[in-house]
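Here the structure is laid out as structure tokens; the discussion comes afterwards.
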Amino acid sequence: MQLNQQNLTQLSVELNPPTYDRSQIKAGIVHVGVGGFHRSHEAYYTDELLRTGSGSDWGICGIGLRDADRKMATLLKEQDYLYTLIIKHPDGTVQNRIIGSLVGFLLGCDDATAVIEQMASPDTKIVSLTITEGGYNVDPASGDFDAKNPDAIHDIQNPMQPRLVFCYLTAALRLRRERGLPPFTVQSCDNIQHNGDLTRKLVLGFARLQDADLAKWIEEEVCFPNAMVDRITPVTTPTDIEYLENQFHVHDEWPVTCEPFCQWIIEDNFSNGRPEWEKVGAQFVTDVTPYETMKLRLLNAGHSVLGLLGSVYGYQTIDQTISDDLFARFLRGFFDKEATPMLDAVEGIDLDQYKDTLIERFGNPNIKDNLARICLESSSKLPVFLFPTIRKNLEQGGSIDYGVLVIAAWCYYSDSHTDRYGKELEVVDAMKTTLQEAARKTSTDPLAFIKLRSVFGDLADDSRFVETYKRLVTQVYSNPDVSILMQQIKA
Ligand code: CS2
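First residue of the sequence shown? That's 1 in the UniProt record's numbering, and the numbers climb one at a time after it.
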């Protein structure tokens, strides 16, 4: 049976369909980037809130900006925007939930005006984003909005036909101001340090190029709360679809699988009201900094440690990699010797316990989180997840070998596109060609990769970093069995 609104009442109760009347829900939230993570996280919290009987002003209208989102638009529409969240516990228990909080979807590349109008609607109070780390159009040299990006140039000339989300936001805020409507909150849900502050800087950067007066209004009126978001959400596979077909005879083209753990810590800073997500487990705080730093430098960096080293070693998934005792101990060494000493204490959190939980979460054998997902877009992930730890250790004379070995493995991965057995690995990265060209020079210039300033900044000016990298990358190239170096480093 096809998953859709009409069939909901006939579905197994084990699928936990929504208990609320979806026809009464207004879309108070417009969300850009309806990938797996949004659907396991913000849409899940919002569905939970709707199940408590409140929050009917806070349904979600999804937005895709690019043609690549067309499939998503079609699939979701066919299912009346319903989908199944399959929550997999380490002991094999599975909880299913049909999520009903998504109530519409628009495709910007087909009808930009409809998207801008949706954002400008009086019902809209929040525009939230999961556009991935690479979606933030930052000029690596200045850290500001990159006005030289061809899409940015296009948007400056065509403000009502945007390509970048920053132009959509600006166009919609302009309409709201002209119409005397209060602004919406812009809420980033991406894994970026101070995601709200960065989004603010980029929106203002774009708006200033268009209209200084509007930019001033945005600066004064629009809130951009920072937040820490967390739930491991692997890419949906055909097996997830088959599971629903076989167990429940329901046809859902795009379910989402995730772990049971879920966390959302948000700065309570909203322009125009917000859902009571605290009723369903989110935490509102005045300063999210310590939580986001902890999560980025332990969980996300930990993923990259396992992802890059595990890929070169020949593993496929995170749980498989961490079930190898050497990898588990190496990760713990990275946490204890390099990452944690550079973190401030986090109120209410025991860091040792947090690290134990991470190792357990990574080991969940039912979450087959592919290393390929972790390694994609490393050029925008590692500068956020890993480099701050290395920089701080350089400043304070701490250990850097664990982190630098990950960079050496990344260079090898980018160069050969293979694991140590020669099996192909796909590099998916906006900077793929640049990374590959630099990595390929390693045999003649061992430092070529880290000389990429747009990725590494001034790290290559630090002699200890350079020496360590040179030693490790040379060793990885002479024998890509990274386990030998991992053994030496953790000894
Ligand atoms: C991962 C994250 O993209 C990555 O490399 O580390 O997607 C991670 O799974 C999430 O941040 C978990 O909350």
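By construction, the Cβ of each residue, glycine as well, lies at the ideal position given by its N, Cα and C atoms.
As a quick exercise: from the options, pick the residue whose alpha carbon is nearest that of residue i.
{"i": "residue 494", "options": "187, 279, 54, 305", "result": "This structure cannot speak to residue 494, because the chain is shown only from 1 to 491."}
{"i": "residue 151", "options": "426, 10, 137, 289", "result": "137"}
{"i": "residue 220", "options": "469, 472, 287, 270", "result": "270"}
{"i": "residue 69", "options": "34, 120, 92", "result": "34"}
{"i": "residue 421", "options": "400, 371, 384, 312", "result": "312"}
{"i": "residue 45", "options": "456, 278, 317", "result": "278"}
{"i": "residue 42", "options": "423, 365, 341, 266", "result": "266"}
{"i": "residue 466", "options": "445, 454, 486", "result": "445"}
{"i": "residue 103", "options": "51, 22, 88, 50", "result": "22"}
{"i": "residue 107", "options": "134, 132, 72", "result": "72"}
{"i": "residue 90", "options": "380, 361, 487", "result": "361"}
{"i": "residue 337", "options": "397, 239, 180", "result": "397"}
{"i": "residue 346", "options": "179, 291, 30, 252", "result": "291"}
{"i": "residue 327", "options": "155, 115, 487, 186", "result": "487"}
{"i": "residue 285", "options": "273, 268, 274", "result": "268"}
{"i": "residue 274", "options": "157, 228, 418, 30", "result": "30"}
{"i": "residue 289", "options": "228, 302, 413, 490", "result": "228"}
{"i": "residue 59", "options": "36, 94, 105", "result": "105"}
{"i": "residue 124", "options": "287, 272, 374", "result": "272"}
{"i": "residue 363", "options": "226, 379, 92, 52", "result": "92"}
{"i": "residue 276", "options": "5, 56, 4", "result": "56"}
{"i": "residue 210", "options": "153, 257, 194, 405", "result": "153"}
{"i": "residue 94", "options": "455, 405, 366, 378", "result": "366"}
{"i": "residue 39", "options": "111, 28, 129", "result": "129"}
{"i": "residue 143", "options": "193, 490, 126", "result": "193"}
{"i": "residue 133", "options": "447, 426, 383, 443", "result": "383"}
Three-state secondary structure (DSSP) at residue i?
{"i": "residue 295", "result": "helix"}
{"i": "residue 60", "result": "strand"}
{"i": "residue 301", "result": "helix"}
{"i": "residue 107", "result": "strand"}
{"i": "residue 264", "result": "strand"}
{"i": "residue 102", "result": "strand"}
{"i": "residue 242", "result": "helix"}
{"i": "residue 227", "result": "strand"}
{"i": "residue 128", "result": "strand"}
{"i": "residue 163", "result": "coil"}
{"i": "residue 97", "result": "strand"}
{"i": "residue 189", "result": "coil"}
{"i": "residue 395", "result": "helix"}
{"i": "residue 470", "result": "helix"}
{"i": "residue 85", "result": "strand"}
{"i": "residue 390", "result": "helix"}
{"i": "residue 338", "result": "helix"}
{"i": "residue 370", "result": "strand"}
{"i": "residue 31", "result": "strand"}
{"i": "residue 178", "result": "helix"}
{"i": "residue 154", "result": "helix"}
{"i": "residue 360", "result": "helix"}
Could you check the C-alpha separation between residue i and residue j for me, to the nearest Å?
{"i": "residue 500", "j": "residue 464", "result": "This structure gives no information on residue 500, because the portion of the chain shown stretches from 1 to 491."}
{"i": "residue 402", "j": "residue 330", "result": "8 Å"}
{"i": "residue 222", "j": "residue 386", "result": "31 Å"}
{"i": "residue 314", "j": "residue 80", "result": "41 Å"}
{"i": "residue 2", "j": "residue 357", "result": "38 Å"}
{"i": "residue 242", "j": "residue 48", "result": "26 Å"}
{"i": "residue 460", "j": "residue 429", "result": "21 Å"}
{"i": "residue 183", "j": "residue 389", "result": "37 Å"}
{"i": "residue 200", "j": "residue 224", "result": "6 Å"}
{"i": "residue 355", "j": "residue 293", "result": "14 Å"}
{"i": "residue 400", "j": "residue 393", "result": "6 Å"}
{"i": "residue 50", "j": "residue 351", "result": "33 Å"}
{"i": "residue 470", "j": "residue 247", "result": "53 Å"}
{"i": "residue 238", "j": "residue 342", "result": "41 Å"}
{"i": "residue 244", "j": "residue 250", "result": "6 Å"}
{"i": "residue 453", "j": "residue 417", "result": "22 Å"}
{"i": "residue 492", "j": "residue 280", "result": "Absent from the structure is residue 492, since the part of the chain shown begins at 1 and ends at 491."}
{"i": "residue 75", "j": "residue 451", "result": "43 Å"}
{"i": "residue 298", "j": "residue 230", "result": "12 Å"}
{"i": "residue 255", "j": "residue 86", "result": "7 Å"}
{"i": "residue 253", "j": "residue 180", "result": "41 Å"}
{"i": "residue 438", "j": "residue 474", "result": "15 Å"}
{"i": "residue 114", "j": "residue 6", "result": "26 Å"}
{"i": "residue 434", "j": "residue 24", "result": "50 Å"}
Any heavy atom of ligand 3 closer than 7 Å to the Cβ of residue i?
{"i": "residue 300", "result": "For ligand 3, the structure offers nothing, since it holds only ligand 1."}
| query | With a cut-off of 8 Å, do at least 3 Cβ pairs link the segment 230–238 to the segment 58–68? | reply | Too few Cβ pairs lie closer than 8 Å, so no.
| task | Report yes or no: do three or more beta-carbon pairs, one from the segment 403–422 and one from the segment 474–482, lie closer than 8 Å? | result | Verdict: yes, contact present.
| request: Count the C-beta pairs between the segment 95–104 and the segment 70–86 that are closer than 8 Å, then say yes if the count reaches three, no if not. | output: With a cut-off of 8 Å, the segment 70–86 and the segment 95–104 count as touching, because enough Cβ pairs lie within range.
| Stretch-stretch touch, CB-based, cutoff 8 Å, three pairs: the segment 143–163 with the segment 13–29 | Taking 8 Å as the limit for Cβ pairs, the verdict is that the segment 13–29 does not touch the segment 143–163.
| message | Using 8 Å as the cut-off, can you tell me whether the segment 5–13 makes contact with the segment 201–211, which would need three or more C-beta pairs spanning the two stretches below that distance? | response | The segment 5–13 vs the segment 201–211: no contact.
| said: Does the contact criterion of 3 or more C-beta pairs under 8 Å hold for the segment 165–173 versus the segment 115–134? | reply: Yes, they touch.
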